[in-house]
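Since the structure comes first, as C-alpha cells, the remarks are kept for the end.
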Amino acid sequence: MIRTDGSAVFYRFLDLPYPSIESGDGVWLTTVDGRQILDACSGGAMVACLGHGVRELAAAASEQAEKISYFYNHHFTSEPQERLADRLLGKTPEMARVRFVSGGSEANETALQLARLYHVERGDTDRWRVISPAQAYHGASMGTLALNGRPAVQEPYTPYLASHLHLPPSTWRFDPTGEAALAELDRLLERHGGEVAAFFCEPVSAAALPAYSPPERFWLGLAERRRTFAIAHALGGSKPTS
Ligand SMILES: Cc1ncc(COP(=O)(O)O)c(C=O)c1O
572 MIRTDGSAVF YRFLDLPYPS IESGDGVWLT TVDGRQILDA CSGGAMVACL GHGVRELAAA
632 ASEQAEKISY FYNHHFTSEP QERLADRLLG KTPEMARVRF VSGGSEANET ALQLARLYHV
692 ERGDTDRWRV ISPAQAYHGA SMGTLALNGR PAVQEPYTPY LASHLHLPPS TWRFDPTGEA
752 ALAELDRLLE RHGGEVAAFF CEPVSAAALP AYSPPERFWL GLAERRRTFA IAHALGGSKP
812 TS
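Residues in the sequence shown are numbered consecutively from 572, following my numbering.
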C-alpha cells in the first residue's frame, strides 16, 4: 500500500491508501507484494475492456515505437495510421473520416469544435449550443464537463462552463418509451432551435448511468428531427421550420 501522505504524487483521494500494482493479466491485477485483485470495473470506467497484459498489443506497440515513437500529425502521416482509419471506416460506414487523438475528453472536445466550426464556416454563427441527455459523462475537460447535465459534478466550475441544453434521460423507470425526452427535445428546439449546433450523447452510457441506452422510439424520433433540420438547411434557412 502507498500512503498518500508519504508520496510525491498528487492523488485524487488524499485520505486513501493505494495498492501499488506491478502487473495485470486478463481481469486480474497483481500488487507489488503479490496480492491479486479482481479488476471488476475494467480499469475504472470500462476502459481496459480488452483485459490486462495482452501480449499482441504490447508487441505491436513496442514494434511501432522502435520504428518511430512520435511525429507531428499536422504535417505527417504513416501507413499504420492510414490502415487503422480505413479499418474503422469499414466498421462504421456512416463516418466519412477518422481523426486520432489521445483520449475520450480530447475526442469530444474535437467533436464540439468541429460542430461549431461547421456552422461558423456556413456563416451561421448563432449556433453554438449542444443538446444532450442529462446524467452523462463526456470527459474531464471544461468543454466536455459542460455537456454532462449533472449539476452536482459541475457546481464548482460553473463560471467556466457553457450553458448547454439537456434532456431527461429516458430510463425504463422514468420514461420507458422515450416520449418525455422527445417532448423536451421539441420544446428546446422550439425555444432555442436557431442556437443549436449539435446533439451529443453516449449511445450506451458508461460510468454515469451504466449500460443505459435510450429506447428505440427515442432514436427514431431523434432521426426524424434531424431530417427536419437537414431539410430546413437545404432550403437555405438557418433556423428550423418547427
Ligand atoms: C462515455 C465517455 N466519454 C468520455 C470519456 C473521457 O475519456 P478520457 O478519460 O479518455 O478523457 C469517458 C471516460 O470514461 C467516457 O466513459
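Note that beta-carbon positions come from the ideal geometry of N, C-alpha and C, so glycine has one too.
Here the structure is a predicted model, which is why all the values come from computation and not from measurement.
Cα-Cα separation between residue i and residue j, rounded to whole angstroms
i	j	result
Thr812	Ile639	Any reading at Thr812 must be qualified, since the residue scores a pLDDT of 42, below 50, and its modelled position is unreliable; the value itself is stated next. Approximately 52 Å, taken between the alpha carbons.
Arg698	Gly792	22 Å
Gly614	Thr729	29 Å
Tyr582	Ile592	15 Å
Glu634	Glu627	10 Å
Leu600	His623	8 Å
Ala636	Phe642	11 Å
Ala616	Gly675	11 Å
Ser594	Leu756	47 Å
His645	Arg670	11 Å
Cys620	Ala754	36 Å
Ala579	Gly661	46 Å
Val651	Gln684	This sequence places Pro at residue 651; Val is not what is there. If I take the Cα positions, the gap works out to 26 Å.
Thr663	Asp657	10 Å
Glu653	Ala631	16 Å
Pro727	Ser734	14 Å
Close beta carbons around residue i, own chain, < 8 Å, minus the five adjacent residues each side
i	result
Glu680	Gly710, Ser712, Gly714 and Thr715
Leu736	Arg700, Val701, Ile702, Ser703, Leu759, His763 and Val767
Gln725	Leu716, Ala717, Asn719 and Leu732
Arg606	Pro590
Leu827	Outside the shown range of the chain, which is 572 to 813, sits residue 827, and nothing can be said about it.
Cutoff 6 Å; reference residue i; Cβ partners in own chain excluding five residues on either side
i	result
Pro704	Leu738, Pro740 and Cys772
Ala678	Val672
Ala779	Gln706, Ala707 and Tyr708
Residues near residue i in its chain [Cβ-Cβ closer than 7 Å; skip 5 each side]
i	result
Thr742	Tyr783
Pro774	Ser784
Phe789	Ser741, Gly749, Ala752 and Leu753
beta-carbon residue i near ligand 1 non-hydrogen atom, thresh 7 Å
i	result
Asn719	no
Ser734	no
Glu773	yes
Ser640	no
His737	no
Gly605	no
Ala616	yes
Tyr708	yes
Ala579	no
Gly764	no
For residue j and residue i, believed in contact at Cβ under 8 Å, the rounded distance
i	j	result
Pro590	Thr602	5 Å
Asp610	Val598	5 Å
Proximity to residue i [Cα-Cα], best of the options
i	options	result
Gly749	Glu787, Glu761 and Val724	Glu787
Pro785	Arg797, Thr663, Ala630 and Ala707	Ala707
Tyr689	Ala794, Ser776 and Ala769	Ala769
Ser776	Ile802, Ala723 and Val618	Val618
Asp604	Asp596, Ala629 and Ile573	Ile573
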